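Here the structure is laid out as structure tokens; the discussion comes afterwards.
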Amino acid sequence: MSTTEKPRGTKIEKMTEAALAAPLKRRSFLKALGITAAAVSAPIGTATAVTDKLKDSNFWETYFQKHYKEMSAEDKAQVFARIERETKTTYGVDVHVGDQQPIPGVKFAYALNLSRCNGSRRCVEACVIENNQSRHEPQIQYIKVLEMPRGTLDPERGDLYYEGEAVPKNDKFYLPVQCNHCDNPPCTKVCPVEATWKEADGIVVVDYDWCIGCRYCQAACPYEARHFNFAKPNIPAEEINPVQGYLSNRIRPKGVMEKCTFCLHRTRNGQNPACHDACPTGARKFGNILDPESELSKILKEKRVFVLKEELNTLPQFFYYFD
Amino acid sequence: MGLKSYAIFWFRMITYAFSGGRNFNLWVWFLLLLMAPGFWAYYHQFTEGLIVTNMSDQVSWGAYIANFTFLVGVAAAAVLLVVPAYVYHHQPTKEIVLLGELLAVSAIFMCLLFIMVDMGRPDRFFHVLPIVGHLNFPRSVLAWDVIVLNGYLFLNAHISGYLLYMKYLGRTPNKMIYMPVVFISILWAISIHTVTAFLYSGLGGRPFWNTAILAPRFLISAFAGGPAILTIAFRTIQKFSKMNVDEKVFDLLKQIVAVTMPINMFLLGCELFKEFYTDSTHVASAKYLYFGLHGAHMLQPYIWGAITMDTIALIIFVTPYLRRNNRVFLIGCVLAIVGIWVEKGMGLIIPGFIPSPLGDIVEYIPSLHETLICIGIWAWGGLIYSLLARVAIGVLTGDLKEKTI
């Protein structure tokens, strides 16, 4: 606004000034106040009506759903039923969403025999199917297998995109990487809303309905274990695994983070993870680290095991060894 | 009476903001026009998901977070006017300090918008609120950031709102009401950029960011780029409004950048030395940024362009002969802003993700949607600042004052 220019907007201003200058009587002021109050309360009234209407609709329930840890048994029943209903509507598939709890005295860990892994990537496939991962756009896979040159254990020197048919190659070895379920997890620490945490049995989980999708945990993870739903997942209806867990393999909403959960819907029921059972060479060993008699405990005691990126002090619960 | 007069103050501020004459209206329409495609793009992003961006599991933050980082610095830079104005009673600065604080308000507003558009689930933003939400404080640095950014917005809005209202009423402001807040806001300004740097430098798995000088670098680059933005804002205000900005303010800003810009370049040099002389495996990201890595070098021209611009700006800022020439100095300001925007925006965020922790090299350049949304948010910020500045100038020049009814 230069001083010489005649402002065009003065009309509005004049009107305002005129309105303000008009003698404002007490009565008319109160009247105006009454009208304002009515104008404000009317939308509140409609809003209440809308709330009533939406009371048992999925939208409302999802929107004000509590954090997993704060849900009562009734809350959970309601939420799980809703998820089952939604899956039925969207995919036409009957699924069961369970709430598998950590078993007292159990802490899970994994050990992988690198001398045996032949790079077939069967674990990757089994994991995708077991855990209802989006097949494409976005393609989500919890396990990445690196083809490593001899003479290094630095994952940065591996090849993620090797061709699968000719494996194993003579001068290479294979390094599968998935969530390390760290005892000092950098990912859960950074989450601004505690949507991800470490459970009593050592499994790092995500409440997909609490995650705000900021992706800070993804930046914090040194193992690329976290995967983001950049769009609504694409899963063929006939391939949906109906045995689901709220904190594990239920179908994820758009815009949230997901990751390996050691198949907690299986492992907390006494089974092994899907990747374990799919391995054709028996390279994968899964078990309870607190049980000294478990095969896993024996491996940790007898083999010369190591972890990835030990210098970061993330204390992985996913161990590797050669024999 | 007090409440009513306050309501009228707001009412008149709003009508005054939108009655700025033809040129001002054209400017507002121009900004609205820039915002329109951004709304379209954001609608798409909101319904389809972040898949419309070029971000990936490997490069999980992009242009939004880059702009966010830069703008936190712009907001923090207001402190460079606040300290001389309120603490050292530098009269010429005192007269325009509100315009600097309102710039901080606008910058924080843009920061919050950039965070909103970056969220996968913006509908769940209330999860960070107390009681209804679950803020992971004090463990998450992002939780700290939520607090310091909103706090800074509140502090600056309080100071400028209170002082403008008093000026409007023609009363002398009560020091007890605003001075304590001013002192808090000075420390707070440092905190917002420190916390934002800690977001990155606290991640052990990202060696490119995991450096102690990140926070000092952020602050000093903010104190180099900030005065450049303030200079341009004040020159514009001087040209297009009745407000007179004393040359002494510009001299002060020149003196500041003459010190901060060399320090900024020095710290950049320290970082480069550490990366390349050590030559450990952690140098990969810096190598990618400056020279390319395994044939991938998308950011290379970008960063060298930024360093060239920074260097020319540096020469202008430290050479008294060049600095004294206002036109040359303005060119220096533009170069410094763009250079720093690149260097601490995309030039810092993207290489942090390349190579990925498992050695994957996935490059990133903003998608059309991201570009339009970014432009839209910058236009939003421009609009907010234009309106705030117009009202503030109206009050400060006595155009807008309480009329006795």
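Here the protein sequences line up with chains A and B, keeping their order.
Just so you know, we're using the numbering used here here: the first sequence kicks off at 1125 and counts up by one.
Just so you know, we're using the numbering used here here: the second sequence kicks off at 467 and counts up by one.
Glycine is no exception: its CB is placed at the ideal position from the N, C-alpha and C atoms.
Quick caveat, the model's predicted, so the values are computed rather than measured.
Residues that residue i contacts on chain A, provided the C-beta gap is smaller than 9 Å
| i | result |
| --- | --- |
| V612(B) | P1316 |
| R605(B) | T1312, K1313, V1314, C1315 and E1318 |
Residue i: contacting residues in chain B (beta-carbon distance under 9 Å)
| i | result |
| --- | --- |
| D1278(A) | T747 and G825 |
| Q1342(A) | D523, S526 and W527 |
| H1191(A) | H593, G599 and H600 |
| Y1347(A) | G671, P823 and L824 |
Beta-ladder partner(s) of residue i, from DSSP
| i | result |
| --- | --- |
| D1283(A) | E1271(A) |
| L579(B) | Looking at the DSSP assignment, L579(B) forms no beta bridge with any residue, so it has no partner. |
| W1321(A) | V1329(A) |
| M764(B) | Bridge partners of M764(B): none, in fact. |
| F1464(A) | In the structure as shown, chain A starts at 1125 and stops at 1447, and residue 1464(A) therefore has no counterpart that could be examined. |
| K1409(A) | A1235(A) |
| R1350(A) | K1383(A) |
| K1296(A) | P1273(A) |
| V1221(A) | Q1368(A) |
| V1301(A) | K1268(A) |
Chain-order list of residues whose beta-carbon lies under 8 Å from that of residue i (same chain, five-residue window excluded)
| i | result |
| --- | --- |
| V583(B) | Y508, Q511, Y530, I839 and I843 |
| V540(B) | L569, A570, A573, A688, G691, G692 and I695 |
| F603(B) | A609, W610 and I613 |
| A678(B) | S667 |
Neighbouring residues, chain A, relative to residue i (Cβ below 8 Å)
| i | result |
| --- | --- |
| E438(B) | With chain B covering only 467 through 871, there is no way to say anything about residue 438(B). |
| I820(B) | Correct list: empty, because the minimum Cβ distance to chain A is about 11 Å. |
| A750(B) | E1280 |
| L669(B) | P1310, V1314, A1343 and A1344 |
| M585(B) | I1336, G1337, C1338 and G1379 |
Chain B residues whose Cβ lies nearer than 7 Å to that of residue i
| i | result |
| --- | --- |
| F1386(A) | Simply none; closest approach about 20 Å. |
| P1262(A) | I517 |
| H1305(A) | Chain B residues near H1305(A): none, gap ~15 Å exceeds 7 Å. |
Beta-carbon contacts of residue i that lie in its chain and below 7 Å, excluding the five residues immediately before and after
| i | result |
| --- | --- |
| L549(B) | One point to set straight first is that residue 549(B) is Val, not Leu, in the sequence displayed. Cβ neighbours of V549(B) beyond the five flanking positions: I652. |
| G1229(A) | L1414 |
| G1379(A) | G1337 and N1353 |
| F783(B) | V723, A724, M727, R789 and G798 |
| G860(B) | Y482 and L866 |
Cβ-based burial, residue i [other Cβ within 10 Å; buried from 16]
| i | result |
| --- | --- |
| T1360(A) | The sequence shown places Pro at residue 1360(A), rather than the Thr named in the question. Flag for P1360(A) reads exposed. |
| R1392(A) | buried |
| A1324(A) | exposed |
| T1276(A) | exposed |
| F1430(A) | exposed |
| E1362(A) | exposed |
| L595(B) | exposed |
| D523(B) | buried |
| W495(B) | exposed |
| E1434(A) | exposed |
| H760(B) | exposed |
| D611(B) | buried |
| T513(B) | exposed |
| T747(B) | exposed |
| D776(B) | buried |
| V890(B) | This structure does not reach residue 890(B), given that chain B is present from 467 up to 871, and the question cannot be answered. |
| Y618(B) | buried |
Close Cβ partners of residue i (< 6 Å) along its chain, the five nearest in sequence each way excluded
| i | result |
| --- | --- |
| A762(B) | I827 and E829 |
| W476(B) | none |
| E741(B) | V749 and A752 |
| N1412(A) | V1230 and S1418 |
| V538(B) | C577, I658, H659 and T662 |
| T1127(A) | Reliability fails at T1127(A), whose pLDDT of 39 lies under 50, so the model's placement of it is uncertain and the value that follows must be treated cautiously. None. |
Proximity winner among the options, relative to residue i (alpha-carbon distances)
| i | options | result |
| --- | --- | --- |
| T662(B) | T863(B), A690(B) and C577(B) | C577(B) |
| L1405(A) | V1291(A), G1222(A) and K1383(A) | The amino acid occupying residue 1405(A) in the given sequence is Thr; Leu does not appear at that position. Among V1291(A), G1222(A) and K1383(A), the Cα nearest to that of T1405(A) belongs to V1291(A). |
| G1243(A) | Y1370(A), L1270(A) and H1351(A) | L1270(A) |
| P1273(A) | I1267(A), F1386(A) and L1284(A) | L1284(A) |
| G668(B) | G848(B), S606(B) and I625(B) | S606(B) |
| Y644(B) | K714(B), F620(B) and G599(B) | F620(B) |
| P503(B) | L516(B), I859(B) and L834(B) | L834(B) |
| M642(B) | M764(B), L755(B), F684(B) and Y628(B) | Y628(B) |
| V525(B) | Y1215(A), Y1340(A) and T1320(A) | Y1340(A) |
| A855(B) | F484(B), G468(B) and A473(B) | F484(B) |
| I850(B) | S471(B), G671(B), F490(B) and R793(B) | F490(B) |
Under 8 Å from the C-beta of residue i: neighbouring residues of chain B
| i | result |
| --- | --- |
| W1334(A) | R590, H593 and H600 |
| K1268(A) | L824 |
| F1297(A) | Per Cβ cutoff of 8 Å: no residues; F1297(A) is ~15 Å from chain B at best. |
| L1436(A) | G670 and G671 |
Chain A contact residues for residue i, given Cβ-Cβ distances below 7 Å
| i | result |
| --- | --- |
| A609(B) | P1316 |
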